[in-house]
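First the structure, in the form of structure tokens, and then the observations on it.
In this note's numbering, the protein residues as written are 132 to 631.
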């Protein structure tokens, strides 16, 4: 028996032994799945240097970076339009410094170390530290790269979001991920990088199921099967599995089909399963984030649903009794868990006043939200409460008490660490909100070069990952506005690594 055979046997034995056990490898908490690879075809239909699977933030960042490194690139997108979840994202990106943030002299000094600490704390220290440091350290260059390409982040819209110790969340000019995707897609077209829509990747081709390099991918489009051969690498950047009920309930049984999701229908996790088919390791698959502020009726992450996330230093969150129920600067997990499992009855509301909103949103967001009855507006707190279905006396008393905390600089009820203003200038606003499935923190295990690892912790040659398809960056709970940062930082690294 040669050394390669021994290595393959060792892997088979390890996987078989783990599968017989509790379904999780003893070391590292890596999920186990039966291995079934796609065999190499007799004939390849296309050949490129790098195949990118997915056309969101991570995929397009990887495509542009690989192209600029000299690689011939193709992007495969299963949906009928490009952009994936990214195009309906809120356009909020955390970076501890940037050429934009430097225009704000009123903001406290920040650092990569503070951002790292905030991400680790939000993730309950379950994050893989080397990945977190890579994302935090790379955040400024990633954001500046987007600015240089033409993405606009107005300095006035930099805010301190929940879970962050500093104001570092940059918002795009229209508070939408489409502001970023439109620029990235435009540049891919200028560079003549093909973005092929309606191309479903059905499997990853590897030399052997448990060994060897990745050779390419099997693709279905319009009912026909084709094979794309790669000379250098495949980058998986196709997002998470929030919309796959079977996949998510396998990990978190209570997240049944009745739960709404902020995600687009394509967030179904095929790339993760396909990578598992060639022995890729996964990590923390049971870590699924609820967004506390989605539209209560639809689960959509519309622009009014972004206001609660961007306004916590200026606003309060209340229930139907008009009373606050949490520190508004708490991480998402704490807020969503309290809503869903303590209060249990939707919705809750974000309350703010006319003097504060220019610090975190735009007038057209308010105007359109009011017209659609997604936002309530009134000249008095009592009238606002009656319109929204909140107890008027409870809300008036809560705001009075909160304003006294602002004067004293101490939140005696919930320990909110920062106050920016009282709620006292009419008209007043209320945004209804409720948790919806938002982000899957678990995914494929990778290293800081964006190389996907197998179940022995070894690199799978030619396979890379970036964005929500990967796990380990965010640990137990993702810190809000760090998803775009993760996607752009790791997407660029994946593109560079894949291009060789």
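All C-beta atoms, glycine included, are put in the ideal place defined by N, C-alpha and C.
**Prompt:** residue 253 to residue 545, Cα distance in whole Å?
**Reply:** 18 angstroms
**Cα-Cα separation, residue 265 to residue 193** = 16 angstroms
**Residues near residue 621 by beta carbon distance below 6 angstroms, same chain, minus five either side** = Within the same chain, 581, 597 come within 6 angstroms of residue 621 by CB-CB distance, once the 5 residues on both sides are set aside.
**Asked** Just reading off the alpha helix (DSSP H) that residue 110 is part of, what are its end residues?
**Response** The question about residue 110 has no answer, for the chain in this structure spans 132 to 631.
**Prompt:** Which residues bound the alpha helix (DSSP H) around residue 333?
**Reply:** Not the alpha helix (DSSP H): residue 333 falls in the beta strand (DSSP E), residues 331 to 339.
**Request:** Count the other C-beta atoms from every protein chain shown that fall within 10 angstroms of the C-beta of residue 625, then say buried if there are 16 or more, exposed otherwise.
**Result:** buried
**Item:** Pairwise C-alpha distance: residue 531 and residue 616
**Value:** 38 angstroms
**Item:** Touching by the beta-carbon criterion (3+ pairs, under 8 angstroms), the stretch 554 to 571 and the stretch 427 to 436
**Value:** They touch, by the three-pair rule.
**Message:** So, at 6 angstroms on beta carbons, what are the nonlocal neighbours of residue 220 in its own chain, with the 5 sequence-adjacent residues on each side left out?
**Reply:** Answer for residue 220: 308, listed in chain order.
**Request:** Take the Cβ of residue 434 as the centre, count every other Cβ of all protein chains shown within 10 Å, and call the residue buried at 16 or more, exposed below.
**Result:** buried
**Item:** Range of the contiguous alpha helix (DSSP H) that encloses residue 276
**Value:** 260 to 280
**Test item: CB-CB of residue 611 and residue 440 under 7 angstroms** = Result yes, Cβ atoms of residue 611 and residue 440 sit closer than 7 angstroms.
**Item:** Simplified DSSP assignment, three categories, for residue 235
**Value:** coil
**Request:** Just the C-alpha distance for residue 269 and residue 519, rounded to the nearest angstrom, thanks.
**Result:** For the pair residue 269 and residue 519, the Cα-to-Cα distance works out to about 43 angstroms.
**Request:** Assign residue 480 to one of three DSSP states: helix, strand, or coil.
**Result:** Judged by DSSP in its simplified three-state form, residue 480 adopts strand.
**Message:** Ignoring anything shorter than 3 residues, give me the beta strand (DSSP E) runs that lie fully in the stretch 514 to 596, in order along the chain.
**Reply:** 559 to 571, 574 to 576, 582 to 584, 590 to 596
**Message:** Could you give the first and the last residue of the continuous beta strand (DSSP E) run that contains residue 363?
**Reply:** 355 to 367
**Prompt:** Taking the C-alpha atoms as reference points, what is the distance between residue 357 and residue 234?
**Reply:** 50 angstroms
**Prompt:** Which term fits residue 490, buried or exposed, when burial requires 16 or more other beta carbons within 10 angstroms of its beta carbon?
**Reply:** Buried, since its Cβ has 16 or more Cβ neighbours within 10 Å.
**Message:** Going by C-alpha to C-alpha distance, which of 409, 464, 384, 398 sits closest to residue 345?
**Reply:** 409
**Message:** Tell me the rounded alpha-carbon separation between residue 224 and residue 245.
**Reply:** 16 angstroms
**Item:** Whole alpha helix (DSSP H) elements within the stretch 431 to 501, 4-residue minimum
**Value:** Those alpha helix (DSSP H) runs which fall completely within the stretch 431 to 501 and span 4+ residues are 438 to 441, 463 to 469.
**Asked** What is the rounded straight-line gap between the Cα of residue 528 and the Cα of residue 421?
**Response** Rounded to the nearest angstrom, the two C-alpha atoms are 30 angstroms apart.
**Close Cβ partners of residue 249 (< 7 angstroms) along its chain, the five nearest in sequence each way excluded** = 294, 295, 296, 610
**Request:** Compare the Cα-Cα distances from residue 338 to each of 347, 332, 330, 331 and report the closest residue.
**Result:** 347
**Request:** Please classify residue 256: is it buried, with 16 or more other beta-carbons within 10 angstroms of its beta-carbon, or exposed?
**Result:** exposed
**Request:** Give the range of the beta strand (DSSP E) segment to which residue 304 is assigned.
**Result:** Here residue 304 belongs to no beta strand (DSSP E), and DSSP marks it neither H nor E.
**Prompt:** Exposed or buried, what is residue 317 when buried is set at 16 or more other beta-carbons lying within 10 Å of its beta-carbon?
**Reply:** exposed
**Endpoints, beta strand (DSSP E) assigned at residue 178** = Taken as a continuous stretch (DSSP letters only), the beta strand (DSSP E) holding residue 178 covers 177 to 184.
**Prompt:** Which residues does DSSP pair with residue 602 in a beta bridge?
**Reply:** Paired residue(s): 576.
**Asked** Name the DSSP bridge partner or partners of residue 411?
**Response** Partner residues in the beta bridge of residue 411, as assigned by DSSP, are 585.
**residue 620 in three-state terms, based on DSSP** = helix
**Prompt:** How many angstroms separate the CA atom of residue 283 from the CA atom of residue 174?
**Reply:** 46 angstroms
**Request:** Identify which residue in 524, 473, 551 has its Cα closest to the Cα of residue 537.
**Result:** 551
**Item:** The alpha helix (DSSP H) enclosing residue 387, as first and last residue numbers
**Value:** Here residue 387 belongs to no alpha helix (DSSP H), and DSSP marks it neither H nor E.
**Item:** DSSP state of residue 284 mapped onto helix, strand, coil
**Value:** coil
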